[in-house]
Amino acid sequence: MAASDKKDEKNGLVGRILGNNLTWSVVALIALIIICTIVDHSFLKLTWNTNTGGLAGPLITMLQESARYLMIATGMTLVISTAGIDLSVGSVMAVAGATSMQLLVGGTNVWVAILVSLLVGLIIGSVNGLLVSVLGLQPFITTLIMMLAGRGVAKVITSGENTDASQVAGGEPLRWIANGFILGIPANFVIALVIVLIVGAVARKTAMGMMIESVGINQEASRMTGIKPRKILFLVYAISGLLAAVAGLFATASVMRVDVVKTGQDLEMYAILAVVIGGTSLLGGKFSLAGSALGAVIIAMIRKTIITLGIDSAATPAFFAAVVIIICVMQAPKIHNLSAEMKRKRALRASQKAVAA
Amino acid sequence: MTTATTVNAPAKKAKGGKFNAQMIPTIAAVVIFILMLIMGQVMFGTYFRLGFISSLFIDHAYLIILAVAMTLPILTGGIDLSVGAIVAITAVVGMKLLNGGAPAPLVLVIMLLIGAAFGLLAGVLIEEFNMQPFIATLSTMFLARGIASIISTDSLTMPENNGFGWIGGEGWKIIDNPKISNDLSINLGVIIAVVVVVFGYILLHHTRTGRTIYAIGGSRSSAELMGLPVKRTQYVIYLTSATLAALASIVYTANIGSAKNTVGVGWELDAVASVVIGGTIITGGFGYVLGSVLGALVRSILEPLTTDFGVPAEAVQIVVGIMILVFVVLQRAVTVLQKE
Amino acid sequence: ACGGSSSGSDSSSDGQKTVGFVAVGPEGGFRTANENDIKKAFKDAGFNLVYSPTQNNDQQKQIQAFNKFVNDEVDAIILSSTEDKGWDDSLKKAAEAEIPVFTVDRNVEVKDATAKKAIVSHIGPSNEWAGEQAAERIAKDFPNGANGFILEGPAGLSVVKDRGTGWSNKVASNIKVLESQSANWSTDEAKTVTAGLLDKYKSQNPQFIFAQNDEMGIGAAQAVDAAGLKGKVKIVTIDGTKAALQKVVDGDLDFVIEYNPIFGKETAQAVKDKLDGKTPKADIQIDSKTFDKAAAKEALDSGERAY
Amino acid sequence: MTEKQPIVVMKGITIEFPGVKALDGVDLRLFPGEVHALMGENGAGKSTMIKALTGVYKIDAGSITVDGKPTQLNGTLDAQNAGIATVYQEVNLCTNLSIGENVMLGHEKRGPLGIDWRKTHAEARKHLAKMGLEYLDPRAPLSSISIAMQQLVAIARAMVIDAKVLILDEPTSSLDANEVQDLFEIMRKVRDSGVAILFVSHFLDQIYEITDRLTILRNGQFIKEVMTRETPRDELIGMMIGKSADELSQIGAKKARREIKPGEKPVVSIRQLGRKGQIEPTDQDVYAGEVVGFAGLLGSGRTELGRLMFGADKPDHGEYYLNGKKISVDSPYTALKNKIAYSTENRRDEGIIGDLTVRQNMLIALQATRGMFKPIPKKEADEIVDKYMKELNVRPPDPNKLIKNLSGGNQQKVLIARWLAVHPELLILDEPTRGIDIGAKAEIQQKVLELAAQGMGVVFISSELEEVVRLSDTITVLKDHKKIANIVNDDTVSQATIVETIANSGKEA
Ligand SMILES: Nc1ncnc2c1ncn2[C@@H]1O[C@H](COP(=O)(O)OP(=O)(O)OP(=O)(O)O)[C@@H](O)[C@H]1O
Ligand SMILES: Nc1ncnc2c1ncn2[C@@H]1O[C@H](COP(=O)(O)OP(=O)(O)OP(=O)(O)O)[C@@H](O)[C@H]1O
Ligand SMILES: [Mg+2]
Ligand SMILES: [Mg+2]
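Residue numbers (our numbering), protein chains in the order written: chain A, 644 to 1000; chain B, 12 to 351; chain C, 4 to 310; chain D, 6 to 514.
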């Protein structure tokens, strides 16, 4: 309803902060950390692990895990901004992971393996992009097909095996990417953050971001301004594929092993959740990469909380759902406008009384 | 030969100006379904067997129901991702109750009510808290599956003489040949599916609620400004889809006689694929229930075909994916050509 | 005996015998090895094996495939079921069509008497046995008791239950499981979960991890290594893939219990026997081995391991 | 004489949006059997007032009384149930449904088996016939007819409920003179049956022709309620814009004729450009500094020709020359690259990019021509935005507002700014003054003349023959998707000439 657009500005700063989607994400993140700390008093403790040459502790492993979510959530943000969706990211992770592991086992140089995997991700993303932009297929169904087929491609690459490259001698750099540390901070998190910053800078310092949003808001009007929507659509799916490949490397290099069924499974849903928690609408339009990044960290944090609280594995989906529902409900305009709405009602009643009198 | 004539027919009609272009994808689905059957028959000789046809329907009665259920939200540009998980939770609860000695009619009602409860929750999240259907039903999907696993992770079977299994089971043999592969049989599950299809058709084409669903799919804000009961309709949609999912659960569990928390993983995607193959546009506004039924049948026949063609195991998913893609591209091509 | 001549002549009357294989699908590790072996064995034995995998462990697609094989009037059906229940109706049809059914890997529970008749034999190793072996190994490693974790597969699969039941049957009273978590059969998730558990239970000095499959064990080993606890936390896994055996040799894993996937030959033989009119054994148990460091090294060096 | 009782009384209505008080204590009374006009400039708050009465917006203060009962309107359904039927400013129908269904949605005729489609369509036909649309097939998809016709369908829809109050927000902005007359005929009938009609239009002639009573708004404030026949035009204009009418001297400015010298090359010249089913192969020249008007009836193909010249639709026939050089224009991008711009008549669907700001909407075309990776420097952008905000008098003067929150007229100005920012050599304006208040209309007309004077070629498409005749150097007349005449607009040419041309060629054909 149009009335829900009517946010109240009288509340000033407090109102604006409460009205901001990011605020509730931050609150949720802090709340989860507090809960974990109550259960596990050493949750916030960081120690120096001489074994790995980096910081160690629950927060660090959480950041390590969040790297892959950061990657797919970033790509997903751009895609969703164009009013599309990319359900294939999880499968692309598996394909990219399978490629790198298979190449390593086959004796390929590790850097070549990395490059080829990224290229494979880019290619799958581009195929998505072509189908959506040139053939005009619906993104949901196109990437759903790619999600099915991608898994199959991963299986074909490894002949259905879970290829293990942990014994391969030259794999060190890849292993480091996922498990190493930069100045004590997990390398994959740093890399992911840098990539997010680069994507953010490119999107916002050039006109790319505006054009993506424009296509997402009104594709025909965008075309009439001289934007080439096809090019934009192609671009976002290609980027999403590439970033999913990076995520796939993070996920497989962490254990130097690809699992054709499990690698990246269900992660498209997590990525979409991260984006939505971050305040980007699934209907397309305005996007917030910072919000999505925060969303990605929250997803990692929810999973960490599940482990820390020792929630029965049977109950984890329900817990996950509960947290997501709470966050999304708190972000609802209805909740933001609660106080303003009550004030309005009171004023209205008063004025009606005045009329009656 | 067959192809040429069947495909040409609608095109000719279109020139007359009477033919509705929106129906083309659905008609394409009919044609392709028939072609696939013919191809299967010619190459492998088993696709026209009555037994094959019977089990196509009996084994997929649940999918037909889910496809009808999924058609409603998709017509509005929404989606219901929770249908698979609702099948799981209602099945688990149903089996638990049956084993606890509850009478079958009561169990049926409770299962439907649980489905409805999840639909209501989705409706509240969507309408009251502005959550997008995708996210709202993704949440209820996690929730339903989670609760199902909390209740039980065992494989539960029906007790003997439960008054429930007759819904599925072998049903009736309409044509009883000496060989089972030539028997034409039907069970209550299939009849329920047919009733659901008729219900869906009447709802969408002969009630104001149904027309409001299409209007929302065309433009929600216009529908609101036209004074249509958009909010109420949205509730109806998600309540119906979730309740139908519970009904699908009844049909499925009655058919196999057991249930489990892992049942129905990925079925929402099969349902979406069916709906799309049947010509409904995922962004809403256009589509038909009957198309979705055909979509479900086409979707169901993909696996037997890959099996008979001996597609290597690793590539099965690729082939299924490509077949759906071919479908979608074909429909798109037909639609574009039609516009020209 | 009265079936008379060799199987070869029997099937040559109308060409090859067709066998339908209701399978799970190539999902890595055990599954791929198992199904490839069965396919190969039947090919070698001169059968025409029609293979039908499912997706997401979905029983429904298996039922569909099964019913299709019945309608196709295949000569026999091999059923590698994802679930142990819910097969009564399909088996009844098979019985009516007089198609013999052989269950492999997982046994199925059948109530209906006609349906029961359809099943000729079950061929496969035992999950409970494997769980028992894990419990016994931990008891042997820590006679004075120890704390540790269990990494489970996805909640609800019957393998997960059976392996868990086996463990519970034989676990010593002084062995304390601090927490059981699911890592969904996944290496990568197991690493994350284990890292979390090690953080959380640091004070209680965890000493063992029972991972219900090799994939998860390998992930757990990496988390243990990262935490600097290699060797201090003993990891026991089930399956016996080459990668896991290598890890045993390297000292990352303590003990691997085989869940032997290689029983294609036995299966093919049973089918052949049945079609030749003989009566195969109802329960053909496949022997599995266990591997400590020495045994693992020997097995790897022999170069005979197929998977 | 007994004073009539008003059927609707709105008192002290206040509605606030972030940063704007769109309405501030506005009163409105509607009387049965009267046509009442809401008057005010673009952005004065007319549409907002209407949306308050129809339950689209919740009011922040004030009261609404319908039929003597205080009424809370929490949605359009409430308004409908209270007997209020509305046609909104932007066409709000569902293009995926048939024409008949759009008319009858929510009021379908029902039989024992649910909706009875035969009866429903018959009923739809009846209501369409009232609007003079009896030739439309109610089963044809709505998307097959033009926006103007959709507007008429929307009005037909409003007649379906037995309304006590009928609200028409700028229904005439896309209609031609005949259709306006037909509409007025219906309005009179409805009025005489005792319905209160609320009417909004920027055409003063129409206001004086049809309305009985006026409520004047300015900047969201209530100015005055007056009887139409007691209020002279200049007084009304004065109340609306807060200035005396003399200050609007530029209204009626006429173009100084631009003589084409022999041998002069046109900026743009198309030869046999056409597209099957949309417009037959057409020749057209536009010279620098020339204003070419496209005249024709609704659906004559003016928009199609404009779109073709912009590459919005791909031509399948003919050639395109820019300054004598052959070019190929097959997409808006290539058109803009060649300095050809087109401002659409379909502002909502093809014009504004709603969730972007005014500033972004102004700059986006320029940005698109420069390419994604060459952002417009901030300083340059600021200058452009500043310049056009002032020059076109966009209100509110805040470039960081979302464009969807601007009133229709102001959105139009922003769109014109968007095209001016690319400095086109040829600017095609499709109905640029549609739905624009008299002040702004004069400003835009003035702007067109200025641009031409600076040497820009302009194609001016409008349904108002008056302004076409006043502004153009040559007039291209279209009929049935075909160019039928090219009239040099000298002193002998008047609106009547054009009308005659259209009528005559009909006879020949
Ligand atoms: N949803 C909204 N959010 C914020 N501001 C709005 C919104 N809708 C309207 N406004 C503002 O309220 C004011 C009144 O707008 P309104 O549409 O009522 O004008 P109008 O009188 O109908 O103008 P026009 O003649 O151009 O249609 C304008 O300043 C507009 O910018
Ligand atoms: N009377 C009519 N009957 C059927 N279709 C019509 C009619 N009038 C218009 N149309 C449709 O609208 C299209 C004409 O577009 P449009 O009306 O935009 O032309 P125009 O000359 O620019 O008129 P205007 O801009 O005033 O609407 C035609 O292609 C046709 O499909
Ligand atoms: Mg207005
Ligand atoms: Mg036009």
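Don't be surprised by glycine CBs; every beta carbon is placed ideally from N, CA and C.
Original post:
With 8 Å set as the bound, which would you pick, yes or no: does the beta-carbon of Gln184/C sit closer than that to a beta-carbon of chain A?
Top reply: yes
Original post:
Per DSSP, what kind of secondary structure is Leu82/C in: helix, strand or coil?
Top reply: strand
**OP:** Run the proximity test for Gly45/D: is its beta-carbon closer than 7 Å to any non-hydrogen atom belonging to ligand 1?
**Re:** yes
Original post:
For ligand 3, which residues count as neighbours when the test is a C-beta closer than 7 Å to any heavy atom?
Top reply: Lys51/D, Ser52/D, Gln94/D, Asp174/D, Glu175/D, Val205/D, Ser412/D, Gly413/D
Original post:
Any chance the segment 895-915 of chain A sits against the segment 736-750 of chain A, with 3 or more Cβ pairs inside 8 Å?
Top reply: yes
Original post:
Any C-beta of chain A sitting closer than 8 Å to the C-beta of Ser68/D?
Top reply: yes
Original post:
Under a CB-based cut-off of 8 Å, is Thr37/B close to chain D?
Top reply: no
Original post:
Could you give the distance in angstroms between the alpha-carbon of Pro146/D and the alpha-carbon of Glu106/D?
Top reply: 9 Å
Original post:
Going straight from the alpha carbon of Glu2/D to that of Gln372/D, what length do you get?
Top reply: Residue 2/D lies beyond the range of chain D shown here (6 to 514); nothing can be said about it.
Subject >> Which listed residue (Arg992/A, Tyr880/A, Met912/A, Trp667/A) has its alpha carbon closest to that of Val777/A >> reply: Tyr880/A
Original post:
Does Val61/D get closer than 8 Å to chain B when you measure Cβ to Cβ?
Top reply: yes
Subject >> Distance cut-off 7 Å: Gly48/D Cβ against heavy atoms of ligand 1 >> reply: yes
**OP:** Measure from the alpha carbon of Gly17/D to the alpha carbon of each residue in Leu222/D, Arg400/D, Lys452/D, then state which is nearest.
**Re:** Leu222/D
**OP:** Determine the DSSP secondary structure at Thr291/B, reduced to helix, strand or coil.
**Re:** coil
Original post:
Near Val296/D, what residues of its chain come up, given a Cβ to Cβ distance below 7 Å and the 5 sequence neighbours on each side ignored?
Top reply: Lys260, Val453, Ala457, Val463, Phe465, Leu476, Ser477, Asp478
**OP:** Pull up the CB-CB distance for Asp144/C and Ala118/C, whole angstroms please, since I reckon it's below 8 Å.
**Re:** Actually they do not touch by this definition, with Cβ atoms about 44 Å apart.
**OP:** Consult DSSP for Asp255/C and reduce its assignment to one of helix, strand or coil.
**Re:** coil
Original post:
Would you say the beta carbon of Ala27/D comes nearer than 7 Å to a heavy atom of ligand 1?
Top reply: yes
Original post:
Using DSSP with H/G/I as helix, E/B as strand and the rest coil, what is Ala20/B?
Top reply: Low local confidence applies: a pLDDT of 31 at Ala20/B is under 50, so the model's placement there is unreliable, with the coordinate-based value given in what follows. In the structure shown, Ala20/B sits in a helix (DSSP, three-state: H, G or I).
Subject >> Three-state secondary structure assigned by DSSP to Thr70/D >> reply: strand
Subject >> Length-filtered (3 minimum) beta strand (DSSP E) runs lying within the segment 182-269 of chain B >> reply: 183-186, 195-197
Original post:
Name the residues in the segment 59-72 of chain C whose C-beta lies less than 8 Å from a C-beta of chain B; which are they?
Top reply: Asn59, Asn60, Asp61, Gln62, Gln63, Lys64, Ile66, Gln67, Ala68, Asn70, Lys71
Original post:
Using a Cβ cut-off of 7 Å, which residues of the segment 89-102 of chain D contact any Cβ in chain B, in chain order?
Top reply: Tyr93, Asn97, Leu98, Cys99, Thr100, Asn101, Leu102
Original post:
For Lys96/C, which residues from the same chain have a beta carbon less than 8 Å from its beta carbon, with the 5 sequence-adjacent residues on both sides left out?
Top reply: Asn70, Val73
Original post:
The alpha helix (DSSP H) with Phe315/D in it runs from where to where?
Top reply: 307-315
Subject >> Classification of Pro114/B by the beta-carbon crowding that lies within 10 angstroms, buried from 16 upward >> reply: exposed
Subject >> Backbone secondary structure at Pro437/D - three-state DSSP >> reply: coil
**OP:** Report the neighbours of Gln283/D on chain B: residues whose CB is nearer than 8 Å to its CB, in chain order.
**Re:** Simply none; closest approach about 12 Å.
Original post:
So does Pro401/D have its beta carbon nearer than 7 Å to some heavy atom of ligand 1?
Top reply: yes
Original post:
From the beta carbon of Leu932/A, is the nearest beta carbon of chain D less than 8 Å away?
Top reply: no
Original post:
When you compare only the Cα positions, how much space is there between Arg218/D and Gly45/D?
Top reply: 14 Å
**OP:** Give a yes or no on whether the C-beta atoms belonging to Ser499/D and Val474/D are separated by under 8 Å.
**Re:** yes
Subject >> Under 9 Å (Cβ pairs) to chain B, residues found in the segment 141-164 of chain C >> reply: Pro157, Ala158, Gly159, Leu160, Ser161, Val163, Lys164
Subject >> Which residues DSSP lists as bridging Met985/A, in chain order >> reply: Looking at the DSSP assignment, Met985/A forms no beta bridge with any residue, so it has no partner.
**OP:** Name, in chain order, the residues that DSSP records as bridge partners for Met44/D.
**Re:** Ile221/D
Original post:
Which bits of chain C does Gly277/B rub up against, with CB to CB less than 7 Å?
Top reply: Gln58, Asn59, Asp61
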